[in-house]
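Down below is the structure, laid out as structure tokens.
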DNA sequence: CGTCTATATTGACAGACCTCTAATTAGCTA
DNA sequence: TAGCTAATTAGAGGTCTGTCAATATAGACG
């Protein structure tokens, strides 16, 4: 099962959610990203990676922060990878992860609230 | 960090995800919001409500946009309500939903990517 | 080669989730 | 009161998800 992200609607995207209704395709794409962030462990992993010095973190930097087995961390990293939020690169014995800042920026832009409408 | 209000981590929150690691509590709170947005139907509902004229939408304005039964729409609206993203108010026969813009703004702020670090 | 360490994959299981139909509640109007 | 509509709740069925133990893969090094 090839899990490459097909980036269709998201490319033409990112007028804020509150400005005009999302198309079904946009909603599907965005929901995939939000689902990847819908678990506390994955959110912390994402944050640990994004905020780590040098912009990348080794898996070995991450596992210690959780009371979970290595396979579980690996599973969550895979979900983050397949969502397109992060990439992993093997260098020798270790695997280093870094975030895709454009994806974060895109999500942030989508969530910007629209201007207030005057209450009736 | 001043802790004035008796609420959760989200109140004291919102340094961007990429700036420093999320606390476990912050991650739990945020993951609840992202989970509420992790379904395409709920995302479109949220967008329909947020972008609707007057800042609010009647359930009757929403159901027509989907090939789903009324109970299913109602279920999704409940999830959005319980997450704190929207509120519903009954006025006569109809129920009107509106978004909490502060919550959207908070999420948007959390996702702002950190400044680029110079590649090695 | 063999062995050690760091990650990933597999397979299983309990719990959560999305959708439906059927039943229920809330309000309007006769 | 009864009847009608808008919306929600309850319960069931099938699917998806998070976690683990066991196993496998990749590279470093003697």
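Chains as they are written, first to last, in my numbering: chain V, 1 to 120; chain W, 1001 to 1120. For each residue, glycine too, the CB sits at the ideal point set by N, CA and C.
Q. By a C-beta neighbour count over all protein chains shown, 10 Å radius and 16 as the cutoff for buried, is residue 104/V buried or exposed?
A. buried
**Q.** For residue 37/V and residue 46/V, believed in contact at Cβ under 8 Å, the rounded distance
**A.** Correct: roughly 7 Å between the Cβ atoms.
Q. How big is the Cα-Cα spacing for residue 52/V and residue 58/V?
A. 10 Å
Q) Using a Cβ-Cβ cut-off of 6 Å (strictly less than) and excluding sequence neighbours within five positions of residue 1019/W, which residues of its own chain qualify? A) 1114
**Q.** Proximal residues, the region 1030 to 1053 of chain W versus chain V, C-beta separation under 7 Å
**A.** Those would be 1030, 1031, 1034, 1035, 1037, 1038, 1039, 1040, 1043, 1044, 1046, 1047, 1048, 1050, 1051, in chain order.
Q) Does any residue of chain W bring its CB to less than 9 Å from the CB of residue 91/V? A) no
(Q) Suppose the cutoff is 7 Å on Cβ atoms and the five residues either side in sequence are ignored; what does the same chain contact list for residue 1066/W look like? (A) 1041, 1073
Q) For residue 1022/W, which residues from the same chain have a beta carbon less than 8 Å from its beta carbon, with the 5 sequence-adjacent residues on both sides left out? A) Contacts found: 1030.
Q. Helix, strand or coil: which one does DSSP assign to residue 19/V?
A. coil
Q: For residue 1068/W, decide whether its Cβ has a neighbour in chain V, counting only Cβ atoms nearer than 9 Å.
A: no
**Q.** C-beta atoms of residue 97/V and residue 68/V nearer than 9 Å
**A.** no
(Q) I'd like to know whether the C-beta atoms of residue 1112/W and residue 15/V end up nearer to each other than 9 Å. (A) no
Q: Identify, in the order they occur along the chain, each residue of the same chain with its Cβ nearer than 7 Å to the Cβ of residue 63/V, setting aside the five sequence neighbours on each side.
A: Only 70, 73 meet the Cβ criterion.
Q) Hey, does residue 28/V have any beta-carbon neighbour from chain W nearer than 9 Å? A) Yes - at least one Cβ of chain W is within 9 Å of the one on residue 28/V.
(Q) When you compare the CB of residue 81/V with every CB in chain W, is at least one pair closer than 9 Å? (A) no
Q | 8 Å CB neighbourhood of residue 100/V in its chain, flanking five on each side removed | A | 84, 85, 86, 87
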